[in-house]
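S.K.: Under the numbering used here, the first residue of the sequence shown is numbered 728, with each subsequent residue one higher. C-beta: ideal position from N, C-alpha, C; glycine also. Values in this document were obtained by computation on a predicted structure and should not be read as measured data. This is the structure I want to talk about, given as structure tokens.
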Amino acid sequence: MQATALLMVTVISLALLNYYGLTKSMMTRTTMLGDTTELYADRYHVRTSAISNKVRKMAEHGNDTTRMRMIEDANPALDPNVVRSAAPSPARAEDPEHLLKKLYPGNYDDSNIHIVYSTSCYQGHRMLLSATLQLSATRSGQKGPITQIISGCKEEDKAKILEEPRFYYDFRIHFSPGYSPTPVPGVNDDYSPYNKPFSLRDFLLTADPPVKHDIVALIDGDFVFFKPMEVNTGRVMSKYYRGSRNASNVTDEVSRGVAIAQDWRPYMGSGWFAEDNGRAKKLCEGRPCDQVTPEEALEYYAGTGPPYIMTRRDMQLFVEDYCNFVVTGRTMVDDDWMTEMYGYAVAAANHGIRHTVLSNLGVTHPEYENEGNEYWSFIDDNFTANPCADPFNVNLPEDPPIGLHYCQEYGLYPQGREAGGQYFYKYGMPREIIECSSELLALPSADDWNAIDTLFADDPSKRVFKRHEVWTECAVIKSINHALRRLKEAICPSGFNTFQAFKMIREPATPSPEPETEAPSEQDTQPPESSEAEVPVAEIPVEEIPSPELDIGDEGTVPETTDPKPDDPAQQETTS
């Protein structure tokens, strides 16, 4: 009973600390702090006596200096190079998730947005990607609950997941059934993105506590926050808008019938609304979306991608069509991996939920800047820091995007991608990276950044492109390493490996061999000795990494045509 009471005090204390803006005061414009966010770590860790006393003092003396000193006293910056033991074990006097539901009833802190994302119970790196997302949300000063919707778990696995460390002040778990390969009776279709619309519907219908926020944002699990996700502030968004409307009138409004989404037109174009496609016409026959013009489709629906932000009411109204259109759409296409996203667009059109399509919500890769469709102009002449020099802190420019959807591959590639080199790609991380003995990710040399001006001296646009790409590479690696350190602090009681040495190396592309003019000799047909030993342990050959060009799905991995199906079926569910 005492443990339960202490835990309740701890969680309430954490909520108060966040409410009074401490997460924002912990972040500067140029750096995202590495390990000083411990106060917002696993809420199950009972450190109540010290924290609650400091919260009481904060209430008595509440000024910024005192509050910052209390945070520093309770959570001194941790040296990432020191091998440490794990934090105390979670309190188990009462089911933690049940206790949290009592303490966080719906909307308790006057935030206006509830963020959700969908994962599979057994997808690769689920816990690591979740920790990375949570820690970045904490660093950015995000407010409001974040819910991880997890599909297809066995009961024994649910219990283990509920004990995983948490790093955001109001992080929630919602378990849903698995919907692949059978989203509805009679369908047998191995398409893991079914989980996204169907688990969202399950969440909206059965969330405990019920969803109370007026605004719901649907994001992807491979997401890093750089700024808080906010709407209805009255801001004019002309800087991030590339559509047919008067840009000076475009704001961050989300209301009934008005939503916001990331611009995915470089990937999707007009999608199923294209005149030479016809799939939207078939889906919309006899429905309201049959009246949508090609111009309206391109402006409001066709090129929408995550994050999607709309009212809870609109999401509840359209989610049934979202599910149904994905199922029906799969019968109309030849294994198109993006069916789920096209289905979202048609469902939104059917309910007249017009989307303001913006460039800065969740950028993916500077290759898709495409004259402003993705916001890749934030690294300008005012940004002078080398983003790869500091091994821990992420250097933020004056106006970064809200977040990064790191579904692509990032690296300098001084001689071009075909020539190979060091890079980051989420599929290149080994499954065992979360183990206590595994190395952290290695940053590229700081010389990569310094070399950009020389390498691309005659190509100004390429210089801008590569500055953003290398900045992204280093920012993501630092964010993931931060999450790895924090996770291992919690799960490695005897300490863990903090050496940042695991390099992802793309080997040079091998030219196609010339046709044989004569039969090869017996010696030519023998395999080289110890061929596997020629690949360094910390390097990933290019053949083992799926091509990033099509890594644009949502709930699952890239299509099987580019990514051979892993032995573990659950590995296909890695979020894109």
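1) With distances taken Cα to Cα, identify the nearest neighbour of Tyr994 among Met956, Pro1033, His1209.
2) Using a Cβ distance threshold of 8 Å, determine whether the stretch 908 to 917 contacts the stretch 1001 to 1013, with at least three qualifying pairs required.
3) To the nearest angstrom, report how far apart Asp941 and Leu1044 are at their CA atoms.
4) Could you name the residues of the same chain whose beta carbon sits closer than 7 Å to that of Leu1085, not counting the 5 residues immediately before and after it, in chain order?
5) Checking 9 Å against the spacing of the C-beta atoms, do Val843 and Ile876 come in under that value?
6) Going by the DSSP bridge assignment, what does Met1065 pair with across the sheet?
7) Give me, in chain order, the residues of the same chain whose beta-carbon lies closer than 8 Å to that of Gly1079; leave out the 5 immediate sequence neighbours on both sides.
8) Do Ala1173 and Gly1229 have their beta-carbon atoms positioned less than 9 Å apart in this structure?
9) Evaluate Ala1236 with the Cβ neighbour count: other Cβ atoms within 10 Å of its Cβ, from every protein chain shown; 16 or more gives buried, anything less gives exposed.
10) Going by DSSP in three states, Pro1021 sits in which element: helix, strand or coil?
11) Taking 6 Å as the limit between beta carbons, can you name the residues of its chain near Pro910, skipping five residues before and five after?
12) Count the other CB atoms within 10 Å of the CB of Ser1248; is the residue buried (16 or more) or exposed (fewer)?
13) With DSSP collapsed to three states, give me the class of Gln1043.
14) Cβ of Val1121 within 9 Å of Cβ of Pro1128?
15) From this set, Pro872, Ser919, Ser847, Thr865, which residue's C-alpha is nearest Asp884's C-alpha?
16) In the structure shown, what three-state DSSP assignment does Thr1091 receive?
17) Which residue or residues does DSSP assign as beta-bridge partners of His1132?
18) Excluding the five sequence neighbours on either side, which residues of its own chain have a C-beta within less than 7 Å of the C-beta of Asp1305, listed in chain order?
19) From the DSSP secondary-structure annotation, give me the bridge partner or partners of Ala986.
20) Give the range of the alpha helix (DSSP H) segment to which Phe930 is assigned.
21) Following the continuous beta strand (DSSP E) through Ser878, name the residue where it begins and the one where it ends.
22) Please list the terminal residues of the continuous alpha helix (DSSP H) segment that includes Ser867.
23) Which residue marks the beginning of the alpha helix (DSSP H) containing Met1156, and which one marks its end?
24) Measuring CA to CA, which of Lys1189, Tyr1133, Glu1234, Thr865 is closest to Ala1202?
25) Tell me which same chain residues have a C-beta within less than 8 Å of the C-beta of Lys1189, skipping the five on either side of it?
26) Could you say which of Arg893, Glu890, Glu882, Tyr895 lies nearest to Phe902 if we only look at CA atoms?
27) Following a CB-centred definition, is Tyr1150 positioned closer than 8 Å to any heavy atom of the ligand NAD?
28) In chain order, what residues of the same chain have a beta carbon less than 6 Å from the beta carbon of Asp929, not counting five sequence neighbours either side?
29) In this structure, does DSSP put Ser971 in helix, strand or coil?
30) Does the separation of the CB atoms of Asn959 and Val943 fall below 9 Å?
31) Under the three-state reduction of DSSP, which class applies to Val1121: helix, strand or coil?
32) Which value, in whole angstroms, describes the spacing of the CA atoms of Asp1062 and Leu855?
33) Could you tell me whether the stretch 856 to 863 touches the stretch 1197 to 1215, where touching means 3 or more Cβ pairs closer than 8 Å?
34) Let me confirm a value: Asp1304 is counted as buried when at least 16 other C-beta atoms fall within 10 Å, else exposed. Which label applies?
35) From which residue to which residue does the alpha helix (DSSP H) around Thr1181 run?
36) Using the C-alpha atoms, what's the distance from Lys1009 back to Arg1057?
M.R.: Looking at the atomic coordinates:
1) Tyr994 has its Cα closest to that of Pro1033, out of Met956, Pro1033, His1209.
2) They do not touch, by the three-pair rule.
3) Distance between the alpha carbons of Asp941 and Leu1044: 14 Å.
4) Counting only Cβ-Cβ distances below 7 Å, and skipping sequence neighbours, we find Met964, Tyr967, Tyr968, Ile987, Gln989, Asp990.
5) Judged by their CB atoms, Val843 and Ile876 are nearer to each other than the 9 Å cut-off.
6) Under DSSP, no beta-bridge partner is assigned to Met1065.
7) Once the five neighbours on either side are set aside, the close Cβ partners of Gly1079 are Gly984, Pro1015.
8) Residue identity check: residue 1229 is Phe in the sequence provided, not Gly. Taking 9 Å as the Cβ cut-off, Phe1229 and Ala1173 do not qualify as a contacting pair.
9) With fewer than 16 other Cβ atoms within 10 Å, it is exposed.
10) In the structure shown, Pro1021 sits in a helix (DSSP, three-state: H, G or I).
11) Hits under 6 Å: Tyr921, Phe925, Val1054.
12) A caution first: Ser1248 carries a pLDDT of 40, below 50, which makes its placement in the model unreliable, though a value can still be read off. Answer is exposed; the Cβ neighbour count stays below 16.
13) Three-state DSSP puts Gln1043 in a helix.
14) Against a cut-off of 9 Å, the Cβ pair of Pro1128 and Val1121 comes out as no contact.
15) Looking at the Cα atoms, Ser847 is the closest of the given residues.
16) Residue state for Thr1091 is assigned as coil, using DSSP reduced to three classes.
17) Per DSSP, the beta bridge partners of His1132 are Phe950.
18) Missing from the structure shown is residue 1305; the chain here goes from 728 to 1303 and no further.
19) As a beta-bridge residue in DSSP terms, Ala986 pairs with His1082.
20) From DSSP, the alpha helix (DSSP H) with Phe930 extends over 922 to 933.
21) Per DSSP, the unbroken beta strand (DSSP E) holding Ser878 starts and ends at 873 to 878.
22) 853 to 867 is the span of the alpha helix (DSSP H), which, as asked, contains Ser867.
23) Under the DSSP assignment, Met1156 falls outside any alpha helix (DSSP H); it carries neither an H nor an E label.
24) For the options Lys1189, Tyr1133, Glu1234, Thr865, the alpha carbon positioned closest to that of Ala1202 is the one of Tyr1133.
25) Counting only Cβ-Cβ distances below 8 Å, and skipping sequence neighbours, we find Phe1183.
26) Closest option to Phe902, Cα to Cα, is Glu882.
27) No copy of the ligand NAD appears in this structure; indeed no ligand is present at all.
28) Cβ neighbours of Asp929 beyond the five flanking positions: Ser903.
29) The three-state secondary structure of Ser971, taken from DSSP, is coil.
30) Not closer than 9 Å, so no.
31) Val1121 falls in the strand class under three-state DSSP.
32) Asp1062 and Leu855: Cα-Cα distance of roughly 29 Å.
33) Three or more Cβ pairs drawn from the stretch 856 to 863 and the stretch 1197 to 1215 lie within less than 8 Å of each other, which places the two stretches in contact.
34) Any question about residue 1304 goes unanswered here, given that the chain covers just 728 to 1303.
35) Boundaries of the alpha helix (DSSP H) around Thr1181: 1173 to 1182.
36) Here the alpha carbon of Arg1057 sits roughly 13 Å from the alpha carbon of Lys1009.
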